[in-house]
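What follows is a set of notes on a single structure, which appears directly below.
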Amino acid sequence: MSEQIVKQRTRGFICTNAHPEGCAQRVQQQIAIVEQLKPAGIAGPKKVLIIGSSTGYGLATRIATAWGFGAETLGVFYERPPQGKKTASAGYYNSVAFEHLARNRGLSASSINGDAFSTECKQQTIDQVRSKMGALDLVIYSLASPRRIHPATGEIYNSALKAIDVPYVGKTVDITHGTVDEVEIPTASDLEITATTAVMGGEDWRMWIDALRSENLLAEGARTLAYSYIGPELTWPIYRHGTIGVAKEHLEQTARSIHADLKTQFNGGAWVSVNKAVVTQASAAIPVVPLYLSLLLPVMKNKGIHEGVIEQMCRLAFNHLAEGCVVLTDSRNLIRLDDLEMREDVQAEVVQLWKKVSTENVEKISDIAGFRREFNNLFGFDVDGVDYDATTETEIFL
Ligand code: NAD
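Our numbering applies: residue 2 is where the sequence shown begins, and numbers increase by one.
This is the structure:
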């Protein structure tokens, strides 16, 4: 037991602690949105494995399928449990809250906290799926990780967020101090490109699906999805045309090859869903993205088309994955949930703001305050209705 007052501690673009009640409140807020957006009488996948289920898009998919379809969910993530006075990571508290709320609602939910890249974690998942769930209808691959230890070779790959061919020089914002500066992002070496693809490309996704197939744990019609981002031209030098973009290309190629296998064997399929830019732990760490998001937020809010992770995942679940729906894709077989973000009128306004944004006007013309708040929310801070001066129990476990 460790009752304590928890005040936020940040270091650069990471927050080193988390507030259990704030995290639980945020999970509840997402559930409320699913309840509100869920069409009456909708049905969908009933047995869902989510790899990367504790934060961001993975957590939102877990909530959307559990509360939207009544799905039984198994979540895999890599999070720090609480230890003495040290709080757990936000993803750990989110998962504790999710499981608690799911059980109260009569929904079956369990979790595995381990390194998804490892053979041991895959085996543990397989054992649990076989003993508790039975064959899966849906497998979501939503990992965002800075490193991977390759299960066959033991090699450690560290991903690099770098440009390719030419260094990128452009604007970036220091979220804490509100200063807009120029940043130079160097080019990656071939080794860094390979390493980033090893971490964020499709090899591990393929390993998961092969492992589940070989154990007969995929049901007739089984589908699998991984997530990607394309974004507007102004982010391309560091995103789509950078190391991460090469990795995402690999993910998309992998989708095509998994799709062929699942189609033949189960009349199922594999897709990459291109989601919109949102504030998550992963995106906050990518240079350029916090400034882009601070400018995108007010533009989309003013047009009444703002969406967060849960609205996006409700659209995915209810428009693409529900019974009676077909998965809608573009000509490259990609699901495009980024359609509103990529609208011409939205991007034209963002580009204009991007050109004129500076330290002097950033607080005025962007929603940097909204970005900060959403960032704090990720760790359970700055959440309405939570008394941050009161003590709270931080030693809560799955
Ligand atoms: P996130 O940081 O919120 O979540 C990452 C998840 O991966 C967490 O559950 C974490 O525990 C888990 N994880 C990381 N390493 C792990 C490991 N070794 N073993 C097990 N679990 C591990 O990230 P996110 O932004 O939601 O990103 C998820 C996916 O969505 C990524 O593919 C990302 O590219 C994509 N995406 C993100 C955005 C965005 O703006 N955030 C936009 C479009 C697509």
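Glycine included, each C-beta is placed from N, C-alpha and C at the ideal position.
Check your understanding: Helix, strand or coil: how does DSSP classify Gln124 here?
Key -> helix
Practice item. Determine the contact status of Ser55 and Asn95, defining contact as a CB-CB distance below 7 Å. Key: yes
**Study point:** Val279: CB within 6 Å of a non-hydrogen atom of ligand 1
**Key:** yes
Exercise for review: Let me know the secondary structure DSSP gives Leu399 once reduced to three states.
Suggested key: Correct three-state label for Leu399: coil.
Point to revise | Terminal residues of the alpha helix (DSSP H) in which Tyr240 lies | key: Element bounds for Tyr240: n/a, residue is neither H nor E.
Point to revise | Three or more C-beta pairs below 8 Å linking the region 158-172 and the region 127-139 | key: no
Review point. Comparing the C-beta of Gln124 with each C-beta of chain C, is any distance below 7 Å?
Key: The structure shown contains no chain C; it holds only a single protein chain.
Point to revise | Cut-off 7 Å between Cβ atoms - residues of its own chain near Glu396, not counting five sequence neighbours on either side | key: The residues are Met2, Ser3, Pro83.
**Study point:** Every unbroken beta strand (DSSP E) inside the region 113-170 [3 residues or more]
**Key:** For the region 113-170, whole beta strand (DSSP E) runs of length 3 or above, ordered along the chain, are 137-142, 148-150, 157-159.
Review point. Do Val387 and Gln26 come within 7 Å of each other at the CB atom, strictly closer than that value?
Key: yes
Check your understanding: What are the start and end residues of the beta strand (DSSP E) that includes Tyr389?
Key -> No beta strand (DSSP E) holds Tyr389; DSSP gives it neither H nor E.
Review point. Roughly how many angstroms separate the alpha carbons of Trp272 and Gln31, rounded to a whole number?
Key: 24 Å
Check your understanding: In this structure, does DSSP put Asp368 in helix, strand or coil?
Key -> coil
Point to revise | Pick from Thr225, Arg374, Ile259 that is closest to Arg281, judged by C-alpha positions | key: Arg is not the amino acid found at residue 281; the sequence shown has Thr there. Ranking the options by Cα distance to Thr281, first place goes to Arg374.
Practice item. Take the Cβ of Phe398 as the centre, count every other Cβ of all protein chains shown within 10 Å, and call the residue buried at 16 or more, exposed below. Key: exposed
Practice item. Return yes when the C-beta of Ser284 is under 6 Å from any heavy atom of ligand 1, and no when it is not. Key: Yes, the beta carbon of Ser284 sits closer than 6 Å to at least one heavy atom of ligand 1.
Check your understanding: Which runs of the alpha helix (DSSP H) fall wholly inside the region 165-247 and span at least 4 residues, in chain order?
Key -> Runs of the alpha helix (DSSP H) inside the region 165-247: 191-201, 204-215.
Check your understanding: Could you give the distance in angstroms between the alpha-carbon of Glu312 and the alpha-carbon of Leu294?
Key -> Answer to the nearest angstrom: the Cα atoms are 17 Å apart.
Review point. Closer than 6 Å: is that where the CB of Asn276 sits relative to any heavy atom of ligand 1?
Key: yes
Review point. Touching or not, the region 107-117 and the region 59-77, by the rule of three or more beta carbon pairs under 8 Å?
Key: yes
Practice item. Take Pro288 as the anchor and find which of Met314, Arg257, Leu298, Ile245 has the nearest alpha-carbon. Key: Ile245
Review point. If you draw a straight line from the alpha carbon of Leu329 to that of Leu235, how long is it in whole angstroms?
Key: 27 Å
Check your understanding: Got a sec, what are the start and stop residues for the beta strand (DSSP E) Ser274 sits in?
Key -> 270-275
Point to revise | Integer Cβ distance of Ile231 from Ser274, believed to fall under 8 Å | key: About 11 Å separates the beta carbon of Ile231 from that of Ser274, a gap too long to meet the 8 Å contact definition.
**Study point:** Touching by the beta-carbon criterion (3+ pairs, under 8 Å), the region 198-213 and the region 140-156
**Key:** The count of Cβ pairs closer than 8 Å, one atom from the region 198-213 and one from the region 140-156, reaches three, so the stretches are in contact.
Practice item. Tell me, please, which residues DSSP counts as bridged to Ile336. Key: Ser274
Exercise for review: Have a look at Lys8, Ala33, Cys16, Ala44 and flag the residue whose alpha-carbon is nearest the alpha-carbon of Leu322.
Suggested key: Ala44
Point to revise | Bounding residues of the beta strand (DSSP E) (the contiguous stretch that carries Val77) | key: Its beta strand (DSSP E) spans residues 73-78.
Review point. Among Ala161, Glu216, Val200, which one has its Cα closest to the Cα of Tyr240?
Key: Ala161
Point to revise | Leu102 versus Pro238, Phe376, Cys24, Phe267, residue with shortest Cα-Cα distance | key: Here the closest residue by C-alpha is Cys24.
**Study point:** Candidates Glu156, Lys86, Ser90, of which the one nearest Leu379 by Cα
**Key:** Ser90
Check your understanding: If we count Cβ pairs, one from each stretch, closer than 8 Å, do we get three or more for the region 340-353 versus the region 297-311?
Key -> Counting C-beta pairs closer than 8 Å gives three or more between the region 340-353 and the region 297-311, which meets the contact rule.
Review point. According to DSSP, is Glu361 helix, strand or coil?
Key: coil
Review point. What are the start and end residues of the alpha helix (DSSP H) that includes Ile34?
Key: Here the alpha helix (DSSP H) through Ile34 covers 21-38.
Exercise for review: Could you give the DSSP three-state label for Gln9: helix, strand or coil?
Suggested key: coil
Practice item. Give the straight-line distance between the Cα atoms of His307 and Ala278, rounded to the nearest whole angstrom. Key: 11 Å
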